[in-house]
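Here's the structure we're looking at; comments come further down.
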Amino acid sequence: MTFLMTPNFLAAVAVSPPPTTLIAPFSVAAAIASAMALVLPAKASEAKGDAALPMLGFSWPEAKAYCRSTGGRLPTEAEWEYAARGGLEGKAYPWGDASNPDGRFMANTWQGHFPYENSADDGYEGTSPVDAFPANGYGLFDMVGNVWEWTSSAYADQQGAAPNQPQQSCCHTSAGDEKSVRRVVKGGSHLCAPNYCLRYRPSARQGETVDSSTCHIGFRCVVRKSPGN
Ligand SMILES: [Ca+2]
Ligand SMILES: [Ca+2]
């Protein structure tokens with residue numbers, strides 16, 4: 010089985026690089042066939058009516074350890090992107106090419122001119138409950154928006170720039186730190202705005218140092234479903 014990992018959307022507009030074809034890992038194929046599940050760790054918030062909010066503040070080793078404690082693991086970047094696409098091919102978002110189909114908000118992102126104006130037209134100034142927006146074609150919530158998600162993949166720039174070149178991003182906290190190892194984070198967050206980083210797309214990616222622990226990076230685990238689920 011193959012799937013298309015499209016290039017960075019903004020880069021594609023500028024220089025139209027050819028897409029890269031990757032082999033979908035068997036584990037993801039198994040996940041989609043329901044032997045596995047991608048679980049988004051969340052915890053109830055009394056302040057928000059016990060809504061299940063994504064778990065934040067985990068560095069990469071802590072996220073990895075959490076997944077291991079549940080019998081799972083972090084997804085690779087390719088697994089994550091395959092899952093985020095929800096069965097669609099070559100679309101800008103997990104739901105298609107329109108950012109707001111029929112005027113509907115499909116993910117928790119930033120509306121207004123970042124970083125000065127957050128109009129929260131989608132209903133959330135910060136994080137949102139993990140099921141607040143529609144699931145994708147594979148039944149997965151929040152694959153883009155809300156919080157970035159750690160993957161197990163080491164960061165290497167696939168667009169031709171130097172790996173440690175500082176990046177334009179509303180959410181990047183560690184550009185220029187050449188001493189730290191980076192891992193790929195995917196999906197963007199509630200801080201991602203169309204006027205700036207536009208990274209709430211399956212193809213978008215950036216590197217974060219493994220010791221990053223912020224209010225806009227979470228993770229999900231690949232875990233084996235119990236029989237009958
Ligand atoms: Ca929002
Ligand atoms: Ca997310």
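Numbering (this note's numbering), first residue to last: 10 to 238.
Each residue gets a CB set at the ideal place from its N, CA and C atoms; glycine is no exception.
Since the structure is predicted, the reported quantities are computational estimates derived from the model, not experimental observations.
Assuming residue i and residue j form a contact by the criterion Cβ under 8 Å, report the distance between their Cβ atoms to the nearest whole angstrom.
{"i": "Gly81", "j": "Cys230", "result": "4 Å"}
{"i": "Val153", "j": "Ile226", "result": "About 14 Å; that fails the 8 Å criterion."}
{"i": "Thr85", "j": "Thr160", "result": "6 Å"}
{"i": "Ala101", "j": "Leu83", "result": "Incorrect: roughly 25 Å between the Cβ atoms, too far for contact."}
Is any heavy atom in ligand 1 found nearer than 7 Å to the beta carbon of residue i?
{"i": "Ala202", "result": "no"}
{"i": "Asn109", "result": "no"}
{"i": "His199", "result": "yes"}
{"i": "Trp119", "result": "yes"}
{"i": "Asp106", "result": "no"}
{"i": "Tyr125", "result": "no"}
{"i": "Ala92", "result": "no"}
{"i": "Ala101", "result": "no"}
{"i": "Tyr133", "result": "yes"}
{"i": "Ala72", "result": "no"}
{"i": "Ala165", "result": "no"}
Could you please give the first and the last residue of the uninterrupted alpha helix (DSSP H) stretch that includes residue i?
{"i": "Ser161", "result": "First-last for Ser161: Trp157 to Ala163, but that is the beta strand (DSSP E), not the alpha helix (DSSP H)."}
{"i": "Glu239", "result": "Nothing about residue 239 can be read from this structure; the chain reaches only from 10 to 238."}
{"i": "Lys73", "result": "Trp69 to Ser78"}
Could you check whether the Cβ of residue i sits closer than 7 Å to any heavy atom belonging to ligand 2?
{"i": "Asn155", "result": "yes"}
{"i": "Gly196", "result": "yes"}
{"i": "Met152", "result": "yes"}
{"i": "Glu158", "result": "yes"}
Applying the 10 Å Cβ sphere with the 16-neighbour rule, what's the burial state of residue i?
{"i": "Cys224", "result": "exposed"}
{"i": "Asn204", "result": "exposed"}
{"i": "His199", "result": "buried"}
{"i": "Ala107", "result": "exposed"}
Should residue i be flagged as near chain B, meaning a C-beta pair shorter than 8 Å?
{"i": "Ala165", "result": "Judged by its chain identifiers, the structure shown contains no chain B, having just a single protein chain."}
Mind checking which residues open and close the beta strand (DSSP E) that includes residue i?
{"i": "Arg82", "result": "Premise fails: Arg82 is in no beta strand (DSSP E) and is neither H nor E."}
{"i": "Arg192", "result": "Arg191 to Lys195"}
{"i": "Cys201", "result": "No beta strand (DSSP E) contains Cys201, which DSSP labels as neither H nor E."}
{"i": "Phe228", "result": "Ile226 to Phe228"}
Legend entry - contact_flag[the stretch 79–98, the stretch 143–153] where n(CB pairs < 8 Å) is 3 or more: yes
Legend entry - Sufficient close CB pairs (3 or more, under 8 Å) joining the stretch 214–223 to the stretch 59–73: yes
Inset, instruction - Mind the definition here: the stretch 124–134 touches the stretch 206–217 only if three or more C-beta pairs lie below 8 Å; say whether that holds. - result: no
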